[in-house]
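Colleague: Position in the sequence shown (from 1) plus 37 gives the number in my numbering.
Attaching a single structure in structure tokens format; questions to follow.
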Amino acid sequence: NPTLTLTSPSLSLSLQPQPHPHSAVEEFLSEVRSREHPHSAALVSQPTAVKFLMARKFDVSRATDLFQAYKNTRIKEGIFNINPEEEPLRSELLSGKFTVLPGRDAKGAALALFTARLHRSDVTTHRAVLQAIIFQLDKAIESVDTQRDGLIFIYDMTNSSYGNFDYELCVKILDLLKGAFPARLKCVFIVSSPLWFRAPFAVLRLFVREKLRERVCTVKAHELSNYIPVSSLPEHLDGTSRYSHVAWIQSCVNTHTAPGDAHTHPTQGRAQNSPQSSGPQRNHQHWNGSARSYGVKAGLGVNTVVGVVKVSLPRHPQPPPSQCPSLSGASQPDEDPCPQEEVSVHMPDGVGMNVLELVEHVKKRKKKGIYQEYEEIRKEPPTGSFDYSKLLSNQIKNRYSDVLCLDQSRVRLCQLCDDEDETSDYINASLMDGYKRSNAYIATQGPLPKTFGDFWRMVWEQMVLIVVMTTRVVERGRVKCGQYWPKEEGTTEQHGHFLVRNTSIQLYQDFRLSHLELYNSQVHTHTHTHTHTHTRTSSYIRTSDCLTWNYTTALSVSISLLLCLSLSMSIQFKGFIGMETCVNIAKASEVDNIQSEYIK
């Protein structure tokens, strides 16, 4: 698999505004290398270290945390490589929705502009928007001036409607800028905000730390010149700057495709392209930190992020069982590119009914009619095989003999290289599509004591951040799921070569929230959150991006929750529901996991 590395053109330390503490750079690199695999950590260059250190005033601990946050954000949002010629990123870049202006404020801070009226959540995705933002900011932050003087974010709501406002996207952008990107966010200006924006704005402010909260303010377009020079503002914000967004994007792409890409030659100097530049265009110096050279074909399923993560994320088709994800962090030029990410079966197709039509349909068909519709779907044979789940060596890993994984959608673990068992890649877990997202979730059985190690290996390899359990360990006197995590706060358990530590527990009326730290004794640590529900519902569903669902005999409980999530998103973005499509999705993911006793 091709890989992504976070590197940048070499910057001579003498060209920085002040001498860099060489010891801080070495300490940062040493800390990163101690946490990551040597082959991957070696790809983090000194210029990259300088950028993260500059963003945190050469505080090594904070810079390391920032690096980790940046890496985790890229993983969480599925941004494993950025190719500006691929859709939907190409359209997103050319839309002009987000741009970096050529001018600066009076103190030298770079100006990033987001035009809200150009955003439509029904025609783009958060992933594409964040890709476009990171692609442009990577280039902007190459400027030493921007590293030193920071960044101002302008959110222009002029002539925008409620349909242009995307609350979740705004939170993600704020999270990225304030704590997951090597830039000093100086302040945020919200321009020409409408009346209806006041309520969500009050909530958005809570996501900003107190120090920055004072720097988030709403202003009228004509008031913006009180904070930023008129010469740096575009004409539609009462400025005089006639910037060209297309020219800016072209300069980003030209840098991206330039010979001697930083990924290939991370130590070769291109300092002449950035520090010496002056004038209003000095924001537009390049940094290929998020982009791959076109000389190496790249797909969406790359197995490294920022050159240090060595795991394969779920995608179709998955690698053969005998293949482990590459740990070298280097791609082979003769290999075929990774397959493009499959289109989710939830993509809008115009088929379905709105909420009122659904209510009328249920009233008309009544309970018996709904059962009949379901049975028609249930009678259809599965579109796949179950050969691997039926292998004798794998049957003991299945909690139920009638709940098997389709060979086409099962999660494949990395083959244990020192294990003679050829089926060590098997776990009873299946990938499931989400709304407009292929392989968005993992549905897995309640782990058996003999599969605890496999479960945590899957969590590690698939970079699972949240685990949601929709059953109790014991229900009605029967064991439904093994106690695969430390039950008490402050305790640690070992499963295989993984140590699981329960760092804290929060008790709620319907669920218990445990914060776990997963330590791989062969590599490094990874922290995630575990939610154990006491009832059939969980408030974590809508806020979760990456879920692993554990279920009992009532398998449809977790499946139904996933489908309800997809349906609610379908209503929000499309205005109608495709119930039959959803049931077929679940059926295509894993056979017999939709049980008629839960069609109520």
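Quick reminder that beta carbons are idealized off the backbone N, C-alpha and C, glycines included.
For clarity, every value in this text was computed on a predicted model and none was experimentally measured.
(1) Out of curiosity, what's the CA-to-CA distance linking Phe202 and Trp233?
(2) Closest to Lys215 by C-alpha separation, out of Leu261, Thr110 and Leu270, would be which residue?
(3) In whole angstroms, what is the alpha-carbon distance linking Arg72 and Ser461?
(4) With respect to the beta strand (DSSP E) encompassing Met506, which residues constitute its N-terminal and C-terminal limits?
(5) Cutting at 7 Å between CB atoms, please list the residues of its own chain near Phe489, excluding the five before and the five after it.
(6) Mind listing, in chain order, the continuous alpha helix (DSSP H) runs of no fewer than 4 residues lying wholly within the stretch 484 to 567?
(7) Touching or not, the stretch 136 to 153 and the stretch 266 to 279, by the rule of three or more beta carbon pairs under 8 Å?
(8) Of all the options Val448, Phe226 and Pro121, which has the alpha carbon lying nearest to the alpha carbon of Ala169?
(9) Find the nearest neighbour of Tyr192 within the set Ile119, Thr507, His156 and Asp424, judged by alpha-carbon distance.
(10) What does the Cβ neighbour count give for Ser551, buried or exposed, with the cut at 16 atoms within 10 Å?
(11) Considering only residues of the same chain and omitting the five flanking positions on each side of Thr540, which have a CB-CB separation below 6 Å?
(12) Roughly how far, in whole angstroms, is the beta-carbon of Phe190 from the beta-carbon of Leu222, given that I think they are within contact range, below 8 Å?
(13) How far does the beta strand (DSSP E) with Ile407 in it reach, from first residue to last?
(14) If I follow the unbroken beta strand (DSSP E) through Pro84, where does it start and stop?
(15) With three or more C-beta pairs closer than 8 Å as the rule, is the stretch 403 to 417 touching the stretch 425 to 435?
(16) Mind listing, in chain order, the continuous alpha helix (DSSP H) runs of no fewer than 4 residues lying wholly within the stretch 84 to 155?
(17) So, is Glu498 buried or exposed, given that buried needs 16 or more other C-beta atoms within 10 angstroms?
(18) Name the DSSP beta bridge partners of Pro271, please?
(19) Return the first residue and the last residue of the alpha helix (DSSP H) that Asp175 is part of.
(20) Which of helix, strand or coil does DSSP assign to Tyr192?
(21) In the DSSP assignment, find the unbroken alpha helix (DSSP H) run with Leu222 in it and report its ends.
(22) Based on Cα-Cα distance, which residue from Asn557, Pro523 and Glu530 lies nearest to Val496?
(23) Tell me whether the beta-carbon of Asp470 lies closer than 7 Å to the beta-carbon of Asp444.
(24) What's the gap between the Cα of Thr529 and the Cα of Pro84?
(25) Three-state secondary structure (DSSP) at Arg185?
(26) Out of curiosity, what's the CA-to-CA distance linking Asp182 and Leu167?
(27) Identify the continuous beta strand (DSSP E) that holds Cys254 and give its terminal residues.
(28) Taking DSSP as the reference, what is the three-state secondary structure of Arg72?
(29) Quick check: what's the CA-CA separation for Asp142 versus Glu251?
(30) Would you say Cys442 and Ser422 are within 7 Å of each other, going by their C-beta atoms?
(31) Is the CB-CB distance between Ile464 and Asp491 below 7 Å?
(32) In the DSSP output, what is Arg447 paired with across the bridge?
(33) What did DSSP end up calling Arg235 once you bin it into helix, strand or coil?
(34) What span of residues does the alpha helix (DSSP H) with Ser426 cover, start to end?
(35) Please state whether DSSP places Tyr264 in a helix, a strand or coil.
Modeller: In this structure, then:
(1) 10 Å
(2) Thr110
(3) 26 Å
(4) Ile503 to Met506
(5) Gly519, Tyr521 and His532
(6) 489 to 498
(7) yes
(8) Pro121
(9) His156
(10) buried
(11) His552 and Glu554
(12) 6 Å
(13) No beta strand (DSSP E) contains Ile407, which is instead part of the alpha helix (DSSP H) from Val392 to Lys416.
(14) Note, Pro84: premise wrong, no beta strand (DSSP E); alpha helix (DSSP H) at Gln83 to Ala92.
(15) no
(16) 97 to 113 and 126 to 131
(17) buried
(18) Ser278
(19) His163 to Ala177
(20) strand
(21) Where Leu222 is concerned, there is no enclosing alpha helix (DSSP H), although the beta strand (DSSP E) it sits in stretches over Leu222 to Val228.
(22) Asn557
(23) no
(24) 38 Å
(25) helix
(26) 23 Å
(27) Val253 to Val256
(28) helix
(29) 18 Å
(30) no
(31) yes
(32) Ser467
(33) helix
(34) Asp424 to Lys427
(35) coil
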